[in-house]
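Start counting the sequence shown at 908; every next residue gets the next number (the numbering used here).
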Amino acid sequence: RSLRAAVADALQARSVPFMDPRVVRAGGTPDKTLLRSVPTMLLYDDRGLDIFDRITYIDDYYLTAAEIDIFRRYAQALVRDHVADGAVLVELGCGAMRKTKFVLEAIAESGKVVTYYAVDLSESSLRASLLPLTKMFPSIRFVGLWGTYDDSVAWIRRSVPADTPKMYLWLGSSIGNLTREEAASFLRGIVDGAMEPGDLFLCGIDRRNSFEALSLAYNDSHGLTREFILNGLDHVNAVFDNQPVFDRADFEYVSIYNEVDGRHEAYYRALRAHTVSARDPDFSVDLAEGELINVEYSYKYSAQEVATLLDAARLHHVGKWTDAKGMYDLHLFQK
Ligand code: AVI
908 RSLRAAVADA LQARSVPFMD PRVVRAGGTP DKTLLRSVPT MLLYDDRGLD
958 IFDRITYIDD YYLTAAEIDI FRRYAQALVR DHVADGAVLV ELGCGAMRKT
1008 KFVLEAIAES GKVVTYYAVD LSESSLRASL LPLTKMFPSI RFVGLWGTYD
1058 DSVAWIRRSV PADTPKMYLW LGSSIGNLTR EEAASFLRGI VDGAMEPGDL
1108 FLCGIDRRNS FEALSLAYND SHGLTREFIL NGLDHVNAVF DNQPVFDRAD
1158 FEYVSIYNEV DGRHEAYYRA LRAHTVSARD PDFSVDLAEG ELINVEYSYK
1208 YSAQEVATLL DAARLHHVGK WTDAKGMYDL HLFQK
């Protein structure tokens, strides 16, 4: 019900500023228009999670391979130098945990005693990922935290003694799906609420790579990203008990890498003028032909933007590892 209200609100409001990137690239100043949107969260129903998982295996979407490359080469050193005996690791939004395995392997080899908390919104994916790990790494204690990031931070604050060394892991450039301001205040909330001085935060962040690389990463040659984004329309229909709200045939996926703001922008474009409507909550929205509806931002970070983020969050930079192609960084921050 609250997701329905969020969809209705976002569709009715024109609140997302948009500047035509073609005009910006040509050196002009385009008109600023305000667009409708739908919540990014709609991309993650079971089918969306499954398509995203497939995206992480394709070359065009280089982010996952880059992060895995970093872990392959540096997980041992990371555990040796930064994971204390008796530490607690908290992975936010762990998903399929493909990269986590490298860290767990290094922990098991080190003989250190570690408790690993995995936070995820999907109970079934938590169970499916954790069960085999408990068998593979009997020396590590696994705990699944089913809920939002905020739930887990509150839980950690209540349940983990303050003097236990903690390391948070936020991988896969998930930070990119928040605005820079949201990212800073999210980190600041953890720093203030659930970290002690000396505690660590390991964060995978994508760089402001070339226009070509980013355009391909978010509009891959297999069409998986297009399917991932368009599936969000079907999910809206499901959320509204298949009234239906959207007809997929009326929309196409628009992928734009905005070099000025350093972010990929994902939109639905209405292929014809038509009205979309639903009941409970009731709304009716007239879409113009060609109208764009925003569904996702994926922010990319320069070194300066990482530094600004850390200042705002009151964290210090203590380490950085980069993939062989120099496209992606794993950063270690400390309170
Ligand atoms: C989950 N998140 C970090 C992905 C990203 O890169 O923004 C989601 C995604 N969207 C399109 N492709 C992948």
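Every residue gets a Cβ at the ideal spot worked out from N, C-alpha and C, and that includes glycine.
Given the structure is predicted, the values throughout are model-derived calculations rather than measurements.
Residue i: CB within 7 Å of a non-hydrogen atom of ligand 1
i: residue 968; result: yes
i: residue 962; result: yes
i: residue 1138; result: no
i: residue 1093; result: no
i: residue 959; result: yes
i: residue 1203; result: yes
i: residue 1051; result: no
i: residue 863; result: Residue 863 lies beyond the residue range present for the chain, which begins at 908 and ends at 1242; the question has no answer from this structure.
i: residue 936; result: no
i: residue 1055; result: no
i: residue 1125; result: yes
i: residue 1135; result: yes
i: residue 1086; result: no
i: residue 1233; result: no
i: residue 1169; result: no
i: residue 1132; result: yes
i: residue 955; result: no
i: residue 1080; result: yes
i: residue 1226; result: no
First and last residue of the uninterrupted beta strand (DSSP E) at residue i
i: residue 894; result: Given a span of 908 to 1242 for the chain in the structure shown, any question on residue 894 remains unanswerable.
i: residue 923; result: 923-926
i: residue 940; result: 939-944
i: residue 1074; result: 1073-1077
As assigned by DSSP and simplified to three states, the class of residue i
i: residue 872; result: Nothing can be reported for residue 872: it is not among the residues displayed for the chain, which extend from 908 to 1242.
i: residue 968; result: coil
i: residue 1093; result: helix
i: residue 1108; result: strand
i: residue 983; result: helix
Extent of the continuous alpha helix (DSSP H) run through residue i
i: residue 918; result: 909-919
i: residue 1117; result: Neither: residue 1117 is in no alpha helix (DSSP H) and is coded neither H nor E.
i: residue 956; result: 953-962
Exercise. Can you give, in chain order, each stretch of the alpha helix (DSSP H) that sits fully within the region 988-1071 and has at least 4 residues?
Worked result: 1007-1017, 1030-1043, 1056-1066
Exercise. Residue ranges of each alpha helix (DSSP H) run of no fewer than 4 residues wholly in the region 1155-1239, ordered along the chain?
Worked result: 1210-1220
Exercise. Would the region 924-937 and the region 955-973 be scored as touching if the rule is three or more Cβ pairs under 8 Å?
Worked result: no
Exercise. Is it a yes or a no for the region 1228-1241 touching the region 1098-1111, going by three-plus beta-carbon pairs under 8 Å?
Worked result: yes
Problem set entry | Validate contact between the region 992-1006 and the region 1050-1061 using beta carbons, cut 8 Å, 3 pairs | The region 992-1006, when compared against the region 1050-1061, does touch it at the 8 Å Cβ threshold.
Problem set entry | Contact the region 1199-1215 vs the region 1084-1099: 3+ CB pairs below 8 Å | yes
Problem set entry | Given 8 Å, three or more beta-carbon pairs between the region 951-970 and the region 1089-1097 | no
For this session: Would you check if there are 3 or more beta carbon pairs closer than 8 Å linking the region 1036-1055 to the region 916-926?
Result: no
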